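One structure is given below, encoded as structure tokens.
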Amino acid sequence: TQLGTTNWTIVEDVAGMVPREDNKIELNPIEIPGWNHFTVNNLSYHGQDLSIVWNNDGTYNAPKGYTLYVDGNAVFTSDKLAHLIYDPASGTVEVADDSGAVITGATTATMPNANEVTYASNSRVTQIFAQSGQNVDEASKSQTNVAKGADVEATYETKGYPATNVVDGKN
Numbered sequence: 023t024q025l026g027t028t029n030w031t032i033v034e035d036v037a038g039m040v041p042r043e044d045n046k047i048e049l050n051p052i053e054i055p056g057w058n059h060f061t062v063n064n065l066s067y068h069g070q071d072l073s074i075v076w077n078n079d080g081t082y083n084a085p086k087g088y089t090l091y092v093d094g095n096a097v098f099t100s101d102k103l104a105h106l107i108y109d110p111a112s113g114t115v116e117v118a119d120d121s122g123a124v125i126t127g128a129t130t131a132t133m134p135n136a137n138e139v140t141y142a143s144n145s146r147v148t149q150i151f152a153q154s155g156q157n158v159d160e161a162s163k164s165q166t167n168v169a170k171g172a173d174v175e176a177t178y179e180t181k182g183y184p185a186t187n188v189v190d191g192k193n
């Protein structure tokens, strides 16, 4: 298995992280028989540090249950793995399935929307965006998309999705 595929499977499937554009955090984990513990630690998400911990029996010096941490602080614990939507502004957690999960310790946290996250001019993310033609360095005066209108070619195109979609901002 490739490392990236393994990471994606653990983060999005096992731990249940569902990427969103708004400031809410959605978790929808898969319960794997025999997995009584897991930790996904130090995820950079919307400019914040997230950790997701499943500690089924309360060992490992952590709360018993399914706990979300934002910037090192526990923001809620669920007594079981469940589909949950956390609103950091209000500190509320919606149980979005029929699991009957009980939430404790819910509190507020800082979490911007995805489009409000900024990156330093020397960060790897800024450099990757620059290589794709997008300037995400807010300190820069140029917001020109240097890839827009560039000549492109592809070995394969499907109907309705020409290679030019890569540089014209369309899906």
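The sequence shown begins at 23 in the numbering used here and counts up by one.
Don't be surprised by glycine CBs; every beta carbon is placed ideally from N, CA and C.
Keep in mind the model is a prediction, meaning the values are calculated, not measured.
**For L103, the nearest candidate out of D35, I150, T28 (CA to CA)** = On the sequence shown, position 81 is the one that residue 103 refers to. Checked all of D35, I150, T28; the closest Cα to L103 is D35.
**Message:** Spatial neighbours of M39 within its chain, please: C-beta separation below 6 Å, excluding the five flanking residues on both sides.
**Reply:** Reading the sequence shown from its first residue, position 17 is the one you call residue 39. Correct list, in chain order: V33.
**Prompt:** DSSP three-state call for W57: helix, strand or coil?
**Reply:** Position 35 of the sequence shown, counted from the start, is the residue given in the question as residue 57. W57 falls in the coil class under three-state DSSP.
**Request:** Determine the DSSP secondary structure at D71, reduced to helix, strand or coil.
**Result:** Against the sequence shown, residue 71 aligns to sequence position 49. Reduced to three states, the DSSP call for D71 is strand.
**Message:** Rounding to the nearest angstrom, what Cα-Cα distance links I52 and Y67 in this structure?
**Reply:** Walking along the sequence shown from the start, residue 52 turns up at place 30. Walking along the sequence shown from the start, residue 67 turns up at place 45. In a straight line, the C-alpha of I52 is about 20 Å away from that of Y67.
**Prompt:** Beta-carbon separation of N77 and A84 under 8 Å?
**Reply:** The count along the sequence shown starts at 1 and reaches residue 77 at position 55. The count along the sequence shown starts at 1 and reaches residue 84 at position 62. Yes, they are a contact pair.
**Cα-Cα separation between N135 and A111, rounded to whole angstroms** = Here residue 135 refers to the residue found at position 113 of the sequence shown. Here residue 111 refers to the residue found at position 89 of the sequence shown. Roughly 11 Å between the two C-alpha positions.
**Delimiting residues of the alpha helix (DSSP H) encompassing T148** = In the sequence shown, residue 148 corresponds to position 126, counting from 1. Unbroken alpha helix (DSSP H) run through T148: 146-153.
**Item:** Rounded straight-line distance, which links the Cα of T148 to that of Y82
**Value:** The residue labelled residue 82 in the question sits at position 60 within the sequence shown. The residue labelled residue 148 in the question sits at position 126 within the sequence shown. Cα to Cα, Y82 sits roughly 37 Å from T148.
**Message:** Rounded to the nearest angstrom, what separates T129 and V92 at their Cα positions?
**Reply:** Translated into the one-based positions of the sequence shown, residue 129 becomes position 107. Translated into the one-based positions of the sequence shown, residue 92 becomes position 70. Taking the straight line from one Cα to the other gives about 10 Å.
**Prompt:** Going by DSSP, what residues sit across from V62 in a beta bridge?
**Reply:** Residue numbering aside, residue 62 sits at position 40 when the sequence shown is read from its first letter. Beta-bridge pairing links V62 to I74.
**Asked** For E175, does the three-state DSSP call read helix, strand or coil?
**Response** Mapped onto the sequence shown, residue 175 falls at position 153. Residue state, collapsed to three classes: coil.
**Simplified DSSP assignment, three categories, for D35** = Position 13 of the sequence shown, counted from the first residue, corresponds to residue 35. If DSSP states are grouped into helix, strand and coil, D35 belongs with the helices.
**Request:** Could you have a look at V124 and say whether DSSP puts it in helix, strand or coil?
**Result:** Against the sequence shown, residue 124 aligns to sequence position 102. Looking at V124 - three-state DSSP - the assignment turns out to be coil, as it is neither helix nor strand.
**Prompt:** What's the gap between the Cα of N95 and the Cα of A172?
**Reply:** By one-based count along the sequence shown, residue 95 stands at place 73. By one-based count along the sequence shown, residue 172 stands at place 150. Between N95 and A172, the C-alpha separation is close to 46 Å.
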